[in-house]
Every structure is written in structure tokens, then in C-alpha cells.
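Trainee: Quick note: to get the working numbering, add 136 to the position in the sequence shown (first position is 1).
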Amino acid sequence: MRLALFDLDNTLLAGDSDFEWAQFLIEQGVLDREVYEARNQQFYDQYKAGTLDIHEFLDFQLKPLARHPRAQLDAWHAEYMRSKILPMVAPGTPALLDRHRDDVRVIVTATNSFVTAPIAAHLGVEHLIATDPEQVGGEFTGRVAGLPSFRDGKVRRLDEWLAARGLAWSDVAESWFYSDSLNDLPLLERVHHPVAVDPDPTLRAHAEGRAWPVISLRR
């Protein structure tokens, strides 16, 4: 098996889908701007600094899903895709994905699967490993189900994904992981071909020190 893994936010997208989902809900008047905007920015800054408490963030990010019927959430998401996500796809993303068209392609993201599954489908990526919101009867509870796909959790979730298909890491003959973030160092260290994409300063320094390729999808 040849496995091509892609981070989503600030990698395939020239922006952060998690941050923009909250901003979209604020702009729609679903979330109170005064209460949520500063908190959303604070979590985003913590993520970029590598100090994010993922469970505190997920409590913030998933609670709004529990306050509205799934049909309404899906309608908002369709507009969010049109107005926020489609313009955010990095110019080099289609060509990169096409380069791996004969490999097994997986988006591996910390952002929840409600937000990211339609994005993966739009990009034509067949598989998604994301943080899963808990659902009961098709409606969200506001809690997370299982292990968040974040930092070391991405490695563990990938192993679980392989195991569900009767495979192990030893069955992967060649692998790539494309990411922008210092938070993804555990999975970058795991693969055969780690690639830093428009990286943050910490990842750039690490990549240059290890002679990893550094590329941009934004030009």
C-alpha cells in the first residue's frame, strides 16, 4: 500500500476551516459575537503556538452543534462551503492531490468530521480521519466521540483506521504526510516522506534541520 496523508487546515486550505466555521456562525447571528469571537481567536492562537488544550477547545466548538437540528446545521454548512471554503482551497491543492491519484489518499485533521467531511468530498479525497462529534439519533450531543485526531492522536487514529481494514503500518510500503503545523510532528516523524507545506516557523526550522521538503500550495 502507498499512503498519501494530508492535513487540511492551512495545508490543502489557505486558512482554517474550524476557525471559519465559528466565524460563519457568528456572522449568521447564530453565536453571539461579543462572547464567541474573542474566544475563537484565542483558541486559534493557542493552536498555532502549540499550546491548545484540545478538550477545552472541543467543548467550545461542538456545543453549538447540539443546540440546533441537523437539518438546520446542514443548511448552514452548505452556505459555509460556498462562502468560506471554496475560495479557501489553496491554488496548488488540485495538482498535489492529482499527483497522488494512484495512492490511497486520506485527509487527517483535528477538525471535526461534521465540518470536514463535505470538504474532503469536494476535494475528491476518498478517506477522512477527523475528530468525531458524538451523535444520538442523528443529532449531535455537543461531546466528542472517541479519541480526538490531534497531535499523537493522529498517529493512533491512523493505526485504528488501518486496523479496521485488516492492515498494520508494516503493510504500508511508502507514505507521505503533508502538513503546515508543529502540532503534526508526531505523524510527520512516522511517515517515509514528510513534507512541510507553507509551514509555521517551528515546523519550518524542524524541516530544514531534517532536510525535509518545504513546499507552498499558495502560489
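All C-beta atoms in this analysis are idealised placements derived from N, C-alpha and C, irrespective of residue type, glycine included.
Mapping the DSSP letters down to three states, classify Gln271 as helix, strand or coil.
Mentor: Here residue 271 corresponds to residue number 135 of the sequence shown, with the count starting at 1. Residue state, collapsed to three classes: strand.
Trainee: To the nearest angstrom, report how far apart Asp307 and Met137 are at their CA atoms.
Mentor: Against the sequence shown, residue 307 aligns to sequence position 171. Against the sequence shown, residue 137 aligns to sequence position 1. Using only the alpha carbons, I get a separation of about 6 Å.
Trainee: Bridge partners for Phe276 per DSSP, in chain order?
Mentor: By one-based count along the sequence shown, residue 276 stands at place 140. Beta-bridge pairing links Phe276 to Gln271.
Trainee: What residue does the beta strand (DSSP E) around Ser315 start on, and which one ends it?
Mentor: Translated into the one-based positions of the sequence shown, residue 315 becomes position 179. Residues Glu310 to Ser315.
Trainee: Go to Asn319, then tell me how far its alpha helix (DSSP H) extends in each direction, as first and last residue.
Mentor: Sequence index remark: in the sequence shown, residue 319 carries index 183 (1-based). Per DSSP, Asn319 belongs to no alpha helix (DSSP H) and is neither H nor E.
Trainee: Could you pull out every residue in the same chain whose Cβ sits closer than 8 Å to the Cβ of Phe276, ignoring the five residues on either side in sequence?
Mentor: The residue you call residue 276 lines up with position 140 of the sequence shown. Once the five neighbours on either side are set aside, the close Cβ partners of Phe276 are Leu198, Leu201, Ala202, Arg206, Leu209, Phe250, Pro269 and Glu270.
Trainee: Quick check on the DSSP output: what are the complete alpha helix (DSSP H) runs of length 4 or more inside the region 186-248, in order along the chain?
Mentor: Entirely contained in the region 186-248, the alpha helix (DSSP H) runs reaching 4 residues are, in chain order, 190-198, 206-216 and 229-235.
Trainee: Give a yes or no on contact between the region 186-194 and the region 282-291, applying the rule of three or more CB pairs nearer than 8 Å.
Mentor: Output reads yes: the region 282-291 touches the region 186-194.
Trainee: Please look up how many angstroms separate the CB atoms of Leu353 and Pro223, rounded, as I've assumed it's under 8 Å.
Mentor: Sequence index remark: in the sequence shown, residue 353 carries index 217 (1-based). Sequence index remark: in the sequence shown, residue 223 carries index 87 (1-based). That belief does not hold up - the Cβ atoms of Leu353 and Pro223 are roughly 15 Å apart, past 8 Å.
Trainee: For Arg175, which three-state DSSP category applies?
Mentor: Position 39 of the sequence shown, counted from the start, is the residue given in the question as residue 175. Helix.
Trainee: Is the beta carbon of Val261 less than 9 Å from the beta carbon of Val242?
Mentor: Residue numbering aside, residue 261 sits at position 125 when the sequence shown is read from its first letter. Residue numbering aside, residue 242 sits at position 106 when the sequence shown is read from its first letter. In this structure, Val242 lies closer than 9 Å to Val261 by Cβ.
Trainee: Is Ala343 buried or exposed, if buried means 16 or more other CB atoms sit within 10 Å of its CB?
Mentor: Walking along the sequence shown from the start, residue 343 turns up at place 207. With 16 or more Cβ atoms within 10 Å of its Cβ, Ala343 is classed as buried.
Trainee: Can you tell me whether Ala343 is helix, strand or coil according to DSSP?
Mentor: As a working mapping, residue 343 is identified with position 207 in the sequence shown. Helix.
Trainee: Answer yes or no: do Asp295 and Trp305 have a C-beta to C-beta separation smaller than 9 Å?
Mentor: As a first step, residue 295 is located in the sequence shown; it is residue number 159 there, counting from the start. As a first step, residue 305 is located in the sequence shown; it is residue number 169 there, counting from the start. Contact: yes.
Trainee: Got a sec, what are the start and stop residues for the beta strand (DSSP E) Phe142 sits in?
Mentor: Counting from 1 along the sequence shown, the entry for residue 142 is found at position 6. Its beta strand (DSSP E) spans residues Arg138 to Phe142.
Trainee: So what's Leu283 in DSSP terms, helix, strand or just coil?
Mentor: Mapped onto the sequence shown, residue 283 falls at position 147. In this structure, Leu283 counts as coil in the three-state DSSP scheme.
Trainee: Can you find the residues in the same chain that come closer than 8 Å, C-beta to C-beta, to Ser219, ignoring five residues on each side of it along the sequence?
Mentor: Stepping through the sequence shown from its first residue, residue 219 is reached at position 83. Cβ within range, chain order: Phe160.
Trainee: Would you call the CB atoms of Trp297 and Ile255 closer than 9 Å?
Mentor: Position 161 of the sequence shown, counting from 1, holds the residue named residue 297. Position 119 of the sequence shown, counting from 1, holds the residue named residue 255. No, Cβ-Cβ distance for Trp297 and Ile255 is not below 9 Å.
Trainee: Should Ala332 be labelled buried (16 or more other beta-carbon atoms within 10 Å of its own) or exposed?
Mentor: For the purposes of this step, residue 332 is identified with residue 196 of the sequence shown, where counting begins at 1. Classification for Ala332: buried.
Trainee: For His166, does the three-state DSSP call read helix, strand or coil?
Mentor: As a working mapping, residue 166 is identified with position 30 in the sequence shown. The identity of residue 166 in the sequence shown is Val, whereas the question assumes His. Val166 falls in the coil class under three-state DSSP.
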